[in-house]
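What follows is a set of notes on a single structure, which appears directly below.
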Amino acid sequence: MKKIIAIIIAGILLSSLVFFLFIYNDPEFRYFIGTSTGLKDNPVLTDNNFIIEEVLVGIQSSTALTFIGNDILFLEKETGKIRHIQNNLLVHDPVWDFDVKMEGCECFTESGLLGIISIGSEIYVYVTEELDSENSVVENRIYRFTWENNKLQNQLLLNILPGDGNMHHGGAMVADSNKNVYAVIGDQTLETQLQNFNNELISDAGIILRVGIDDKVKSPSKSDSPNDHYYGVGIRNSFGLAIDPFTNNLWITENGTHEYDEINLTFPKYNSGWA
Numbered sequence: 003m004k005k006i007i008a009i010i011i012a013g014i015l016l017s018s019l020v021f022f023l024f025i026y027n028d029p030e031f032r033y034f035i036g037t038s039t040g041l042k043d044n045p046v047l048t049d050n051n052f053i054i055e056e057v058l059v060g061i062q063s064s065t066a067l068t069f070i071g072n073d074i075l076f077l078e079k080e081t082g083k084i085r086h087i088q089n090n091l092l093v094h095d096p097v098w099d100f101d102v103k104m105e106g107c108e109c110f111t112e113s114g115l116l117g118i119i120s121i122g123s124e125i126y127v128y129v130t131e132e133l134d135s136e137n138s139v140v141e142n143r144i145y146r147f148t149w150e151n152n153k154l155q156n157q158l159l160l161n162i163l164p165g166d167g168n169m170h171h172g173g174a175m176v177a178d179s180n181k182n183v184y185a186v187i188g189d190q191t192l193e194t195q196l197q198n199f200n201n202e203l204i205s206d207a208g209i210i211l212r213v214g215i216d217d218k219v220k221s222p223s224k225s226d227s228p229n230d231h232y233y234g235v236g237i238r239n240s241f242g243l244a245i246d247p248f249t250n251n252l253w254i255t256e257n258g259t260h261e262y263d264e265i266n267l268t269f270p271k272y273n274s275g276w277a
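The numbering of the sequence shown is our numbering, which starts it at 3 and goes up by one.
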């Protein structure tokens, strides 16, 4: 009897192992296991011209990074801190600390410290900044800094965009070969001309922005010629912009509602058609 029970238990364990190995081939299941247990898949290289080296572990809510020479600046979305990796080591103190919307809030929001790029010693940062917590004054802002002596200096406000909503803040930025900087912001669930609604409203949301093209204009919708500041409109939301290094064309990833995300080639006065 004991022998039969042992055989049954062994069969159950073997079946469970086979089933686990079978479903572990599913990427979504592996992601669930990894986030639940701390286990992770090792990356696999298919090109021997590259190597993979682990630099830092334990980062949470990092949304973007940029290289400064051999160093790295990366963002902590929820805390508003810009961190510095120097000589493959994390510098203890952040190089900048923003007051971001809902910092420390255990709630859903896509806002925070969202984008960073560098052009030489110039650093551009996109952040959902909480200017007055008591009165809920929140704006998406784009700043330019200079990187000097391992510090961010000479902070300059370039653009102010809507930031009240919990969703569709975008935040990705990119620079082309002519050093023109572009940023994307989602529709913030607003309904204006820029989301292809037939009304008189303009909101500076759902756009690809030409960053800082006029130092007298922070919010394009308040200027005499807002369309000059929009490279593209009609965008639901995006987490990615990229420049083709050969053609200088601008590409964008666009988020669908639940499926049908897109990768699109854009052009000046581009309208993605979201409404």
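A virtual CB, placed ideally from N, CA and C, is assigned to each residue, including glycine.
Endpoints, beta strand (DSSP E) assigned at Asp-73: Working through the sequence shown from its first residue, we reach residue 73 at position 71. Looking at the DSSP string, the run of the beta strand (DSSP E) that includes Asp-73 is 73 to 78.
Backbone CA spacing between Ile-25 and His-260 [nearest angstrom]: Counting from one through the sequence shown, the residue named residue 25 turns up at place 23. Counting from one through the sequence shown, the residue named residue 260 turns up at place 258. Confidence at Ile-25 is low in this model, with a pLDDT of 48, below 50, so the placement of that residue should be treated as unreliable; the coordinate-derived value is given next. Approximately 24 Å between the Cα atoms of the pair.
Touch test, the stretch 123 to 137 against the stretch 191 to 204, Cβ-Cβ under 8 Å, three pairs minimum: no
Nearest candidate by alpha-carbon position, reference His-94, set Asn-161, Ala-174, Ile-53, Asn-152: Locating residue 94 in the sequence shown gives position 92, where the first residue counts as 1. Considering only alpha carbons, the answer is Asn-152.
Which of helix, strand or coil DSSP assigns to Leu-91: Here residue 91 refers to the residue found at position 89 when the sequence shown is read from its first residue. Here Leu-91 sits in strand by DSSP.
Simplified DSSP state of Phe-269, which is helix, strand or coil: Along the sequence shown, one-based indexing puts residue 269 at 267. Looking at Phe-269 - three-state DSSP - the assignment turns out to be coil, as it is neither helix nor strand.
Bridge-paired residues (DSSP) for Ala-185: If you number the sequence shown from 1, residue 185 lands on position 183. Partner(s): Met-175, Leu-211.
Segment contact, 8 Å Cβ cut-off, at least three pairs: the stretch 232 to 246 with the stretch 160 to 167: no
Glu-261 - containing beta strand (DSSP E), residue span: Taking the first residue of the sequence shown as position 1, residue 261 is located at position 259. Counting along the chain, Glu-261 falls outside any beta strand (DSSP E), and DSSP gives it neither H nor E.
N-terminal and C-terminal residue of the beta strand (DSSP E) that Phe-147 is part of: Taking the first residue of the sequence shown as position 1, residue 147 is located at position 145. 139 to 150 is the span of the beta strand (DSSP E), which, as asked, contains Phe-147.
Minimum C-alpha distance to Gly-188 - residue among Glu-256, Arg-146, Phe-100: Taking the first residue of the sequence shown as position 1, residue 188 is located at position 186. It is Glu-256 whose Cα lies nearest to the Cα of Gly-188.
First and last residue of the uninterrupted beta strand (DSSP E) at Ser-221: Counted from its first residue, the sequence shown places residue 221 at position 219. From DSSP, Ser-221 is part of no beta strand (DSSP E); its letter is neither H nor E.
Spatial distance of Leu-160 from Glu-56 (CA atoms): If you number the sequence shown from 1, residue 160 lands on position 158. If you number the sequence shown from 1, residue 56 lands on position 54. Straight-line Cα distance between these residues: approximately 35 Å.
Rounded C-alpha distance that separates Gln-88 from Glu-202: Start at 1 with the first residue of the sequence shown, and residue 88 comes out as number 86. Start at 1 with the first residue of the sequence shown, and residue 202 comes out as number 200. Approximately 50 Å, taken between the alpha carbons.
As assigned by DSSP and simplified to three states, the class of Ile-121: Along the sequence shown, one-based indexing puts residue 121 at 119. It is a strand residue.
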